[in-house]
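Just below is one structure, and these are the notes that go with it.
Protein chains: 2
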Amino acid sequence: MMNTILILGAGKSSAFLIDYLAENCEKKGRTLILADLDLNGAKAKLKNRPGTKAEQLDSEDGIKRRNLIKSADVVISILPASMHPVIAADCLELCKHFFSASYESDTFREMKPEIEEKGLFFLNECGLDPGIDHMSAMKIIHEAKAKGEEILSFKSYCGGLLAPESEDNPWAYKFTWNPRNVILAGQGTSRYIEKGDLKYVPYHQLFKRLERISFQGLGDFDGYPNRDSLSYRQVYGLENIPTMLRGTLRRAGFCKAWDVFVQLGMTDDSFQMELPQETTLKQFLNAFLPSQELLTVEEKLAEAIPDLDFPTFEKLQWLGFFEKRLLPKTKGTPAQILQSILEIDWELQPEDRDMIVMKHLFEIKTKDGVKNVSSSLVSFGEDSVYTAMAKTVGLPLAIAVDLFLDAKIQMRGLHLPVLPEIYEPILEELEKFGIRFEETFNAE
Amino acid sequence: MMNTILILGAGKSSAFLIDYLAENCEKKGRTLILADLDLNGAKAKLKNRPGTKAEQLDSEDGIKRRNLIKSADVVISILPASMHPVIAADCLELCKHFFSASYESDTFREMKPEIEEKGLFFLNECGLDPGIDHMSAMKIIHEAKAKGEEILSFKSYCGGLLAPESEDNPWAYKFTWNPRNVILAGQGTSRYIEKGDLKYVPYHQLFKRLERISFQGLGDFDGYPNRDSLSYRQVYGLENIPTMLRGTLRRAGFCKAWDVFVQLGMTDDSFQMELPQETTLKQFLNAFLPSQELLTVEEKLAEAIPDLDFPTFEKLQWLGFFEKRLLPKTKGTPAQILQSILEIDWELQPEDRDMIVMKHLFEIKTKDGVKNVSSSLVSFGEDSVYTAMAKTVGLPLAIAVDLFLDAKIQMRGLHLPVLPEIYEPILEELEKFGIRFEETFNAE
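If you want it as structure tokens, here you go:
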């Protein structure tokens, strides 16, 4: 009987995941091992609950890592996504089931035959986005298909943001997730399809390709296309859909200001800068502006960014770009230097509450005409540890593992949570935690 | 005694290089081996001159390649730059001297101790740009330094363009060099220093960061910053220079139109597109524009590129972007697809003459005040084989090898042509071929 769970990583978004599984250990006769570089941090998160134990682990230490994996039945990785192929390879070799909230990469697809052959279950993209978005969307898609309806358009937006009362800076943003991922978000070319036309958006156009998305009682958000939406046509069984777009949400106005950094090249992660130790933010900004004698940095910026408006200027000003503030870091890529600034100014404070917003917008052709379906999720965090991000990323993963160990999910192979056998019981359990989608309909 | 020369590659820009060396073979008792994938093409270029022979070589064929290198004393590589580390490694192992017109990469710098230890001579960047630019600039820099003068500013621009009578399309441009390099030119972040401020230009700003450069009798050109100008401060012995920029020239107006492709993402080489076989240029363009019902592609383009002017529109129109012209290639990266279009429209015709323009702009602090020095080179091709590009890239390389075999260059080690012992005799010989800089001075 399977009863030992290994969680690799106890970082930022692990609180709900750990609690959900730890609290069931005694009742269900399970053992939970939580392995992290920070042993005391891991212990604190387990709170001495029966059946749980913490282990110190440097995930690069292959011997210790593999010994821990050997001792478990299922492995949950919340390590950085770059470690997943390594962990997955260990699991495959040692015949252990694998769960993650990260994107399924090609490495996994190459492992598929062996996963099936060995009768293992590997589940990826079972967090928030990707995760809850797949599950809630598939529920609507499967229902429509069952009625013989045709999905004409599907747009899905999600954002990890701040509860309105914590939006106390002009960006209305703080880090509730890996800062580096926020800085580099959108690099590469994003792809989607709209009314049958394939659309390709280079990074330097991405934060201009916005759709205004509103949530009742919360106001307006900017939605921008996220990564490769085209590949999800097959995953969702919507191969011939004319319009499909997955996107990211920020507070209205954020994208226009963030685009200043993008336009100037300040999010570039491809080369090293070595600036003098006493460099100010203003001098850092000036390095990305053309030389023009007689013009101030502010004036050069206004020339370089012709549509610079006051709300954008104010956001930059609030970060200290027009004062004598010194750079916290002077050596590194532009992206690393920018991150060092934002990590100070966008730090989530203990009393801050975050907020997850997600919205699916469907156009469905029914026998009575075209129906618009909107399905929205809003989830608030409790504080800077029990965040909405930790809840919505961690609970689906925890619930999936719990269902799997209880044999309520019996399938094997490499999967995303797009099959009813997986997403139905997870969505049902999530509702108990207030993670519930509100659907609205209106016929055209 | 060294007397066997091996030329690897007999491509586009090899005519002058081959002629110069082949014509001396008999008189100087040398053997010239020309190795190329196309044996008959190589034979044709050698014209049966005594002491010369052609060999068929696929440069990936290590055994044959190394046998040919073994048989030579000096090796000239005009293969694609990506092959140079391989050829250089062969030369190092087999103790052969190496010459190229390409950029000196880190691979070479790592080989430096072994090159010196084995008493070999490796010379890179001995073509046009890099090459003639280094030599002519160093001459001025060394002269100024000898007089105790200080270089305050050095900007150097070069372009491989068309003679005015061949500028018969709205772009005033045809390919006189590797088309792929033209399409990808400027990707990454360009770097220079201006009035003591380090400047970083991301690709999507590069074709807006223009300086207007004029040549007497030829009119105006756009100059944009090229690659990493900062690293040449050390090469030129100008570590503390306040302003230094190396740039590329295009006909005035070219950059603004090329920037449309850059802004839309059509020069992206990082992902594959798979378009239907009958896709038009207009549909290809539309894939990079936002969907907006009721707007035509032309109208959407005008919205996406707010400063689109008629000369720019005309250039795109001339390529067929607003007609029903079909894409010559529908699978590949955007850059590859764009290249397939331009290879047809920008093909150099047999009767076309190309033109090389180069300009150095110095500000030099003398005891009498600040002096502006401008040094310009204009060189015209003869036809589509004996191009100015082939002449200015090939002759410096050929002359360097000739001088080396005649023991007029006696140094050893890893070098660029920035030392008087190398550049003085080369510049002198180039003058016989009409490659001559015109200098103008004026005090401020």
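Chains A and B are the protein sequences, given in the same order. If you read the first sequence in this note's numbering, its first letter stands for residue 1, the second for the next number, and so on. If you read the second sequence in this note's numbering, its first letter stands for residue 445, the second for the next number, and so on. We put the beta carbon where it would ideally sit given N, CA and C, even for glycine. Since the model is a prediction, treat every value here as computed from it, not as a measurement.
Taking Cβ positions only, does Gln-205 (chain A) come closer than 8 Å to chain B? It does; some Cβ of chain B falls within 8 Å.
Could you pull the DSSP bridge partners for Ser-214 (chain A) from this structure? DSSP lists A:Asp-220 as the beta-bridge partner residues of Ser-214 (chain A).
Comparing the C-beta of Leu-361 (chain A) with each C-beta of chain B, is any distance below 8 Å? Chain B contact via Cβ: absent.
Does any residue of chain B bring its CB to less than 8 Å from the CB of Val-201 (chain A)? Output row for Val-201 (chain A): interface = yes.
Helix, strand or coil for Val-262 (chain A), going by three-state DSSP, please let me know. Helix, per DSSP.
Of all the options B:Asp-796, B:Val-817, B:Leu-662, B:Val-679, which has the alpha carbon lying nearest to the alpha carbon of Met-579 (chain B)? Comparing Cα-Cα distances from Met-579 (chain B) to each of B:Asp-796, B:Val-817, B:Leu-662, B:Val-679, the minimum goes to B:Val-679.
Identify whether Pro-328 (chain A) lies in helix, strand or coil by the three-state DSSP scheme. DSSP places Pro-328 (chain A) in coil when its eight states are reduced to three.
Return the CA-CA distance between Tyr-830 (chain B) and Leu-461 (chain B), expressed in angstroms with no decimal places. Cα to Cα, the separation comes out at about 10 Å.
Using Cβ-Cβ distances below 8 Å, what residues of the region 689–707 of chain B are close to chain A? Correct list: Gln-707.
Is Thr-333 (chain A) near the ligand COA, going by C-beta to nearest heavy atom under 7 Å? The ligand COA is absent from the structure shown, which contains no ligands of any kind.
What does Pro-113 (chain A) touch in chain B if you count any residue whose Cβ is under 9 Å from its own? Scanning chain B for C-beta atoms nearer than 9 Å to the C-beta of Pro-113 (chain A) yields nothing, as the closest lies near 25 Å away.
What in chain B is Cβ-close to Ser-291 (chain A), meaning under 8 Å? Close partners of Ser-291 (chain A) in chain B (Cβ separation under 8 Å): Glu-638, Lys-639, Asp-641, Lys-643.
For the beta strand (DSSP E) containing Cys-158 (chain A), list its first residue and its last residue. Cys-158 (chain A): member of the beta strand (DSSP E) spanning 150–162, first to last residue.
For Ser-379 (chain A) versus Gln-349 (chain A), is the C-beta spacing smaller than 8 Å? By the CB criterion at 8 Å, Ser-379 (chain A) and Gln-349 (chain A) fall outside the cutoff.
Within chain B, the residues that Ala-287 (chain A) reaches when beta carbons sit closer than 8 Å: Within 8 Å Cβ-Cβ: Asp-641, Leu-642, Lys-643, Tyr-644.
Same chain only: Cβ atoms within 6 Å of Leu-245 (chain A), ignoring 5 sequence neighbours per side: Only residues of its own chain outside the window of five on either side were considered, and among them Lys-155, Tyr-192, Pro-225, Ser-229 have a CB closer than 6 Å to the CB of Leu-245 (chain A), listed in chain order.
In its own chain, which residues sit with a C-beta less than 6 Å from the C-beta of Ala-832 (chain B), not counting the 5 before and 5 after it? If the five residues before and after Ala-832 (chain B) are omitted, its C-beta is found closer than 6 Å to the C-beta atoms of Asp-798, Met-799, Ile-800, Ser-823, Phe-824, Gly-825, all from its own chain and listed in chain order.
Any contact of the region 694–702 of chain B with the region 756–767 of chain B, i.e. 3+ C-beta pairs under 8 Å? Segment contact: the region 694–702 of chain B against the region 756–767 of chain B, three or more CB-CB distances shorter than 8 Å; contact assigned.
Counting along the chain, where does the alpha helix (DSSP H) carrying Phe-848 (chain B) start and finish? For Phe-848 (chain B), the enclosing alpha helix (DSSP H) starts and ends at 832–849.
Going by DSSP in three states, Gly-632 (chain B) sits in which element: helix, strand or coil? Here Gly-632 (chain B) sits in coil by DSSP.
Please work out which residues of its chain come closer than 8 Å, Cβ to Cβ, to Leu-37 (chain A), disregarding the five sequence neighbours upstream and downstream, and give them in chain order. Gln-56, Leu-57, Asp-58, Ser-59, listed in sequence order.
Taking contact to mean 3 or more Cβ pairs, one atom from each stretch, closer than 8 Å, check whether the region 548–562 of chain B and the region 844–852 of chain B are in contact. Touching, no, given that fewer than three Cβ pairs across the two stretches are closer than 8 Å.
How many Å lie between Gly-764 (chain B) and Leu-295 (chain A) at the Cα? Using only the alpha carbons, I get a separation of about 41 Å.
Given that Arg-653 (chain B) touches chain A, what residues does it touch there, using C-beta distances under 9 Å? Those within 9 Å of Arg-653 (chain B) in chain A are Pro-290.
Hey, is Ile-597 (chain B)'s beta-carbon within less than 8 Å of any beta-carbon in chain A? Checking the sequence, you will find Ser at residue 597 (chain B) rather than Ile. Taking Cβ atoms only, chain A never reaches closer than 8 Å to Ser-597 (chain B), which makes this a no.
How about the region 803–823 of chain B and the region 420–430 of chain A: do they share at least three Cβ pairs that are nearer than 8 Å? Pairwise C-beta distances place the region 803–823 of chain B out of contact with the region 420–430 of chain A, as fewer than three of them are shorter than 8 Å.
How about Leu-414 (chain A) and Phe-207 (chain A): do their beta carbons lie closer than 8 Å? No.
Quick check: is the beta carbon of Asp-712 (chain B) nearer than 8 Å to any beta carbon in chain A? Judged by the 8 Å Cβ criterion, Asp-712 (chain B) is in contact with chain A.
Could you tell me whether the region 135–145 of chain A touches the region 157–170 of chain A, using the rule of 3 or more Cβ pairs below 8 Å? Touching, no.
8 Å Cβ cutoff, Thr-774 (chain B) in contact with chain A: Cβ-Cβ to chain A under 8 Å: no for Thr-774 (chain B).
Please identify, using Cβ separations under 9 Å, the residues of the region 167–196 of chain A that lie next to chain B, in order along the chain. Taking 9 Å as the upper bound on Cβ-Cβ separation, chain B lies near residues Gly-188, Thr-189, Arg-191, Glu-194, Lys-195 of the region 167–196 of chain A.
Ordered along the chain, which non-local residues of its own chain (more than five positions away) have a Cβ less than 6 Å from that of Gln-854 (chain B)? A distance below 6 Å between beta-carbons, with the five flanking residues on each side excluded, links Gln-854 (chain B) to no residue of its chain.
Please state whether DSSP places Ile-132 (chain A) in a helix, a strand or coil. Here Ile-132 (chain A) sits in helix by DSSP.
Nearest to Pro-840 (chain B) by CA position, among B:Leu-465, B:Met-446, B:Lys-639, is which residue? Nearest C-alpha to Pro-840 (chain B): B:Leu-465.
Would you kindly check if the distance between the Cβ of Ile-183 (chain A) and the Cβ of Leu-338 (chain A) is under 8 Å? Contact: yes.
Would Lys-618 (chain B) and Pro-686 (chain B) be called neighbours here (beta carbons separated by less than 8 Å)? Contact: no.
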